[in-house]
Amino acid sequence: MTVPSNLIDGRAIAEQLHQETAQRVAALKSRGFAPGLAFVRVGEDPASKVYVGMKEKTCARLGFLSATQVLPATTTEAELLALLHRLNADPQWHGILVQAPLPRHISSSRVFATVLPSKDVDGFHPENVGKLMLGDPSGFVPCTPGGVQELLIRSGVKTDGAEVVVLGRGDIVGKPMTSILCQKGEHANATVTLCHSRTRNISEHCRRADVVIAAMGVAEFLKADMVKPGAVIIDVGVNRVPSPGSRDGTRLVGDVDFARVQPIAGLITPNPGGVGPMTIAMLMRNTVRAAEMATGQ
Ligand code: GUN
Numbered sequence: 003m004t005v006p007s008n009l010i011d012g013r014a015i016a017e018q019l020h021q022e023t024a025q026r027v028a029a030l031k032s033r034g035f036a037p038g039l040a041f042v043r044v045g046e047d048p049a050s051k052v053y054v055g056m057k058e059k060t061c062a063r064l065g066f067l068s069a070t071q072v073l074p075a076t077t078t079e080a081e082l083l084a085l086l087h088r089l090n091a092d093p094q095w096h097g098i099l100v101q102a103p104l105p106r107h108i109s110s111s112r113v114f115a116t117v118l119p120s121k122d123v124d125g126f127h128p129e130n131v132g133k134l135m136l137g138d139p140s141g142f143v144p145c146t147p148g149g150v151q152e153l154l155i156r157s158g159v160k161t162d163g164a165e166v167v168v169l170g171r172g173d174i175v176g177k178p179m180t181s182i183l184c185q186k187g188e189h190a191n192a193t194v195t196l197c198h199s200r201t202r203n204i205s206e207h208c209r210r211a212d213v214v215i216a217a218m219g220v221a222e223f224l225k226a227d228m229v230k231p232g233a234v235i236i237d238v239g240v241n242r243v244p245s246p247g248s249r250d251g252t253r254l255v256g257d258v259d260f261a262r263v264q265p266i267a268g269l270i271t272p273n274p275g276g277v278g279p280m281t282i283a284m285l286m287r288n289t290v291r292a293a294e295m296a297t298g299q
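For the sequence shown, the numbering used here assigns the number 299 to the last residue and increments by one with no breaks.
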C-alpha cells in the first residue's frame with residue numbers, strides 16, 4: 003500500500019499555469035502580437051543570474067519575446083532610471099522586471115516607482131501595491147505571494163476564516179502575502195498574523211496557525227515543535243548554508259526544517275520544487291495579461 007504524499011507539487015501546478023498562459027499567448031499571436039518581457043540585471047549577483055536565466059528560458063519556451071539588459075555594478079541610479087524610461091516608451095515591451103537586490107547605492111523604491119504601473123509585472127510600483135491593499139484587481143500582484151495563493155487554491159486549501167501566520171515582513175513576500183490573504187473575498191478571508199524578527203513568542207503564534215508561510219530568510223527556522231499537527235506549511239525561503247563535502251561546500255535550504263516538519267504537516271511544499279516554479283509561472287501570467295491590456299484584448 004502506498005502512503006499518500008502530503009507534498010504540494012509546485013512544479014506540476016506551475017505547469018498547469020504555463021498551459022493556461024500558452025493558450026493566451028496563442029490568442030495574442032493570432033492577432034499578430036507576442037508578449038514582450040524586458041529584464042534588467044545590475045551587477046553580478048550569482049543568484050540573480052540564475053533566476054533571470056530561468057525566467058528567460060521560460061519566456062523562450064512559452065513564445066514570449068524577451069531581452070536582458072545587464073548593467074555593471076557601478077551603474078548610477080540616473081543611468082538605470084534612464085534605461086527604464088526607454089523601456090517604458092518602447093511598445094514591444096509589455097512587462098519590465100528589474101531583478102532585486104540592487105547595489106546599495108541605488109534606491110530600489112525609486113527604481114520600482116519608475117517602471118510604468120501598466121508594465122510593472124512584478125507588482126512593486128506603489129500604485130500596484132496600493133491596489134493590492136485596496137483589493138482592486140486591476141493592478142498586478144507580486145509573483146511570489148501571488149504564486150503562494152495559487153498553490154493554496156489549487157491544492158484545495160481553504161483560507162476562509164483560517165489562522166494564517168506569515169513569517170517575514172519583506173516588501174517582496176511577507177507584506178504583500180498578508181495583503182492578499184486578509185482581503186474580503188474568495189481565496190482570502192483569513193485571519194493573518196505577520197510575525198517578524200521583533201515578534202515575541204513566535205512559536206506560540208505558529209502553533210495556532212492552520213497555515214504557516216515562511217519567508218523570513220532564516221535557514222530551517224520553523225521547527226516541528228512550532229507546528230500544529232495537520233497544518234499547511236509553505237516554505238518560501240532560499241538560504242545557502244555550509245555543507246562540507248558538497249561540490250562547492252554549500253547547499254540550499256528553506257526556512258522550514260523540512261525533514262522534521264513534513265511528518266506532522268497536513269500539506270507541505272518541498273524546497274526546491276514548491277514555491278520557486280510558481281514565482282516564474284505568475285510572472286508569465288502577469289506579463290501575458292499586460293500584453294493583452296496593451297493590445298486592447
Ligand atoms: N528578487 C527576489 N524575488 C524577486 C522578484 O519576485 N522580482 C524581482 N524583480 N526581484 C526579485
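Cβ coordinates follow ideal geometry from the N, Cα and C atoms, glycine included.
With 6 Å as the limit, the residues whose C-beta approaches any heavy atom of the ligand GUN more closely are 99, 100, 101, 102, 124, 145, 146, 174, 281, in sequence along the chain.
The alpha-carbon of residue 197 is positioned some 8 Å away from that of residue 207.
In this structure, the alpha-carbon of residue 205 lies about 22 Å from that of residue 272. Following the DSSP letters along the chain, one finds residue 60 inside the alpha helix (DSSP H) bounded by residues 48-64. In the structure shown, residue 220 falls within a coil segment according to DSSP collapsed to helix, strand and coil. When the beta-carbon positions are compared, residue 217 and residue 169 come within less than 8 Å of each other. Counting other Cβ atoms within 10 Å of its Cβ, residue 243 stays below 16 and is therefore classed as exposed. Taking a cut-off of 8 Å for Cβ pairs, the segment 228-247 and the segment 117-126 do not touch, as fewer than three such pairs fall below it. A residue is called buried once 16 or more other Cβ atoms fall within 10 Å of its Cβ, and residue 295, having fewer, is exposed.
Buried is the label assigned to residue 148, since at least 16 other Cβ atoms lie within 10 Å of its Cβ. Each of 126, 161, 265 was checked against the Cα of residue 111, and the nearest Cα belongs to 126.
As the crow flies, the alpha-carbon of residue 172 is around 32 Å from that of residue 27. Annotated three-state conformation of residue 130 is helix, per DSSP. Under the criterion of beta carbons closer than 8 Å, residue 270 and residue 86 do not qualify as touching, at roughly 39 Å. For residue 244, the enclosing beta strand (DSSP E) starts and ends at 241-244. A Cβ-Cβ distance of about 19 Å is found for the pair residue 96 and residue 281, leaving them out of contact under the 8 Å criterion. Beta-carbon to beta-carbon, residue 267 and residue 220 are separated by about 19 Å, too far to satisfy the 8 Å threshold. For residue 277 and residue 122, the gap between their C-alpha atoms comes out near 21 Å. The beta-bridge partner set that DSSP reports for residue 165 consists of 193.
Cβ-Cβ distances below 8 Å link residue 137 to 185, 186, 187 in the same chain, with the five nearest sequence neighbours on each side left out; the list follows chain order. Looking at the DSSP output, residue 97 shares a beta bridge with 39. Look at residue 21 here: in three-state DSSP terms it is helix. Excluding its 5 nearest sequence neighbours in each direction, residue 262 has C-beta neighbours in its own chain below 6 Å: 226, listed in chain order.
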